[in-house]
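Student: Below you will find the structure I want to go over with you.
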Amino acid sequence: MLLSKEEESMFQIVKKDKRTLARVGTLTVPHGGRLETPAFTMVGTRAKVITLEPEDLIKTKTGIIISNTYHLWRGLGDKLPQFKGLHDVMQYDGIIATDSGGFQVFSLGFGREHEVSKVGFFPESNSTPGFFSDLFLQIRIWLGITNSRNSVRVMPWGAYFKDENYGDKKFVFLDAEKSIRIQEKLGADIILAFDECTSPRHGYWYTKWAMNRTHRWAKLCLELKARPKQLLYGIVQGGAFEDLRRESARIIGSMPFDGFAIGGSLGNSKEDMYKVLEWSMPYLPEDKSRHLLGIGQIRDIFEGVQRGVDTFDCVIPTREARHGGIWTYDGRYDVTKGSNKNIEAPLLEGCVCPACVDGLTRAKLYELFKNKDREGGRLATLHNVYFFNELMGKIRQSIMEDRFPEYKEEMLKRIEKKK
RNA sequence: GCGCAGGUGACAGAGUGGUCAAUUGUAAUAGACUGUAAAUCUAUCGCCUUCGGGCUACGGAGGUUCGAAUCCUCCCCUGCGCA
73 MLLSKEEESM FQIVKKDKRT LARVGTLTVP HGGRLETPAF TMVGTRAKVI
123 TLEPEDLIKT KTGIIISNTY HLWRGLGDKL PQFKGLHDVM QYDGIIATDS
173 GGFQVFSLGF GREHEVSKVG FFPESNSTPG FFSDLFLQIR IWLGITNSRN
223 SVRVMPWGAY FKDENYGDKK FVFLDAEKSI RIQEKLGADI ILAFDECTSP
273 RHGYWYTKWA MNRTHRWAKL CLELKARPKQ LLYGIVQGGA FEDLRRESAR
323 IIGSMPFDGF AIGGSLGNSK EDMYKVLEWS MPYLPEDKSR HLLGIGQIRD
373 IFEGVQRGVD TFDCVIPTRE ARHGGIWTYD GRYDVTKGSN KNIEAPLLEG
423 CVCPACVDGL TRAKLYELFK NKDREGGRLA TLHNVYFFNE LMGKIRQSIM
473 EDRFPEYKEE MLKRIEKKK
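All letters in the first sequence, in the order written, are residues 73 to 491 by the numbering used here.
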């Protein structure tokens, strides 16, 4: 499909909020898909949003999905060359992105060793490692001496992942080139540069060195990318250190990527995370879309939009659904709690998600969860996914109507008032 | 009536002289989940507590022993088999 002149720019700003950096935009990808932003990306790591069927994606108004290079690559093994492409496999016409595998460098590596998520919360650890501690760590990694939980070894040229099927003996290797080649084969509309996501517990120096690797790899990804029909996004790193974040955003932001993602360790608190956004955003071209990787809680979505984020992705709506967490405009509740046993009401009053419209009640969903019926997880996922998509629509609408800050305040008050 | 086999915390089911308030699983309750090692994980789960400990507990009643859920006696109950 040929793009008209006005569609040449892959991202178009439709409306800018006057009081914040929030904006409504349209993201167009080469295969023809279109997305109104701000939008939430559902996570379908292994080419499937867990529990959902193709028709469910349409029913939940899901406009964009992100799959994962590492998991698909490992999962497909030697069947990768025969892979028909994500749109085919998922039977999905919306926009599909693939993460590069850079997050697994962290999640399977120091995420496990440090037992943290990328937004860490450990107020007790007030001291960050110093230069020599970081140097020592860097040398240990290169020598392959890390905690046994850590199954990744990052080298200057790429990352080695322990192959769990072969004990500790065998490693598989992923680098910028391989990640790009796999992502081209997977055939998403948007692909991401291969990066190294660091841990919130890494010190300044290690974070800086990792950031420099990410920058080198970013340049490589740009040079190696062959397919014009895929958009390539660069990833800003730099942990929660202001000068690193600014440097990374400046360097990545000046490269000719089609869009930009903010990744990474986002610090030790929500405040850190919001600061990271504030430090990075000024260096990212305004006319390119900005994605906040792996972020997801309702408050974070509002704070992100306020600071200029266009797209988010997170497992929260889908994973929490499978665990019984039901999202509503009055916060989240756990449908597996006994208090739901006799509540003959929709999951959310007035909800028009496919599950609620079908007559699902809290009591019925409670029962499905108690019976360990997988249908429970599916129905809860339908609801949450619809809810998140609907919420993003309301956010877009509030920006269009110049009342985003008020809407944010009202929503956060409602959503966080509980308990 | 005789012969076996049993009776353990909400349930299932370990334990057969001390380290047992009693393994484990389920249920229950609470919590967590942020580019999916996750349809998962954690905590609590007899009563009281100044968190040191105290008290009541393994069908019931006695007994042996320094010490019993564990051994003995009697009783009650359940299942299977034979009458």
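Glycine included, C-beta positions come from ideal geometry on N, C-alpha and C.
Rounded to whole angstroms, what's the CA-CA distance from Lys-156 to Ala-119? Just pull it up for me.
Tutor: The alpha-carbon atoms of Lys-156 and Ala-119 are separated by roughly 11 Å.
Student: Just checking my contact of Ser-205 with Gly-310 at CB under 8 Å: how many whole Å lie between their CB atoms?
Tutor: About 19 Å separates the two Cβ atoms, so there is no contact after all.
Student: Less than 7 Å between C-beta atoms, sequence neighbours within five positions excluded: which residues of the same chain meet that for Leu-296?
Tutor: Answer for Leu-296: Ala-248, Glu-249 and Ile-252, listed in chain order.
Student: On the DSSP letters alone, give me the boundaries of the alpha helix (DSSP H) that Asp-206 sits inside.
Tutor: Where Asp-206 is concerned, the enclosing alpha helix (DSSP H) stretches over 203–215.
Student: So, using beta-carbon positions, are Leu-303 and Cys-293 closer together than 8 Å?
Tutor: Going by C-beta atoms, Leu-303 is not nearer than 8 Å to Cys-293.
Student: Whose C-beta lies closer than 7 Å to the C-beta of Ser-470 among residues of the same chain, with five residues either side of it excluded?
Tutor: The residues are Phe-476 and Tyr-479.
Student: Tell me the DSSP secondary structure of Phe-329 in three-state form.
Tutor: Note: Phe-329 maps to coil in three-state DSSP.
Student: Do you know how far the Cα of Pro-110 is from the Cα of Lys-28?
Tutor: Nothing about residue 28 can be read from this structure; the chain reaches only from 73 to 491.
Student: Going along the chain, which unbroken runs of the alpha helix (DSSP H) with 4 or more residues stay wholly within the region 291–327?
Tutor: Complete alpha helix (DSSP H) runs here, min 4: 314–325.
Student: Over what stretch of residues does the beta strand (DSSP E) that includes Ile-367 continue unbroken?
Tutor: Run containing Ile-367: none; DSSP gives neither H nor E here.
Student: Should the region 395–411 be regarded as contacting the region 373–380, the criterion being three or more beta carbon pairs within less than 8 Å?
Tutor: The region 395–411 is not in contact with the region 373–380.
Student: I need the DSSP call for Cys-386, collapsed to helix, strand or coil.
Tutor: Three-state result, Cys-386: strand.
Student: Tell me which residue opens and which closes the beta strand (DSSP E) that Val-457 is part of.
Tutor: No beta strand (DSSP E) contains Val-457, which is instead part of the alpha helix (DSSP H) from 446–472.
Student: Determine the extent of the alpha helix (DSSP H) in which Glu-236 is found, giving its start and end residues.
Tutor: Note, Glu-236: premise wrong, no alpha helix (DSSP H); not H, not E.
Student: Counting only the same chain and skipping the five closest in sequence on each side, list residues whose C-beta sits under 6 Å from that of Val-244.
Tutor: Same-chain partners within the cutoff: Phe-233 and Asp-235.
Student: Kindly list the residues whose CB is nearer than 8 Å to the CB of Gly-216, restricted to its own chain and excluding five residues on each side of it in sequence; keep chain order.
Tutor: So the qualifying residues of the chain are Arg-225.
Student: Among Ser-411, Ala-427, Leu-420 and Phe-384, which residue has its Cα nearest to the Cα of Met-464?
Tutor: Nearest option by C-alpha distance: Phe-384.
Student: Roughly how many whole angstroms lie between the Cα atoms of Thr-453 and Ile-137?
Tutor: C-alpha separation (whole angstroms): 14 Å.
Student: Considering Cα atoms alone, identify which of Thr-408, Gly-410 and Cys-428 is closest to Ala-417.
Tutor: For Ala-417, the nearest C-alpha among the options comes from Cys-428.
Student: With H, G and I counted as helix, E and B as strand and the rest as coil, what does DSSP make of Met-82?
Tutor: If DSSP states are grouped into helix, strand and coil, Met-82 belongs with coil.
Student: In the DSSP assignment, the alpha helix (DSSP H) including Ile-487 goes from what residue to what residue?
Tutor: Per DSSP, Ile-487 belongs to the alpha helix (DSSP H) from 476–488.
Student: Looking only at DSSP bridge pairs, what is Leu-107 linked to?
Tutor: For Leu-107, which the question treats as bridged, DSSP gives the partners Leu-99.
Student: I think His-455 touches Cys-423, with their Cβ atoms under 8 Å apart; what is that distance to the nearest whole Å?
Tutor: Going by Cβ atoms, the distance from His-455 to Cys-423 rounds to 7 Å, so yes, they are a contact pair.
Student: For Ala-83, is the classification buried or exposed, using 16 other Cβ atoms within 10 angstroms of its Cβ as the cut-off for buried?
Tutor: According to the sequence as given, residue 83 is Phe; it is not Ala. Buried, since its Cβ has 16 or more Cβ neighbours within 10 Å.
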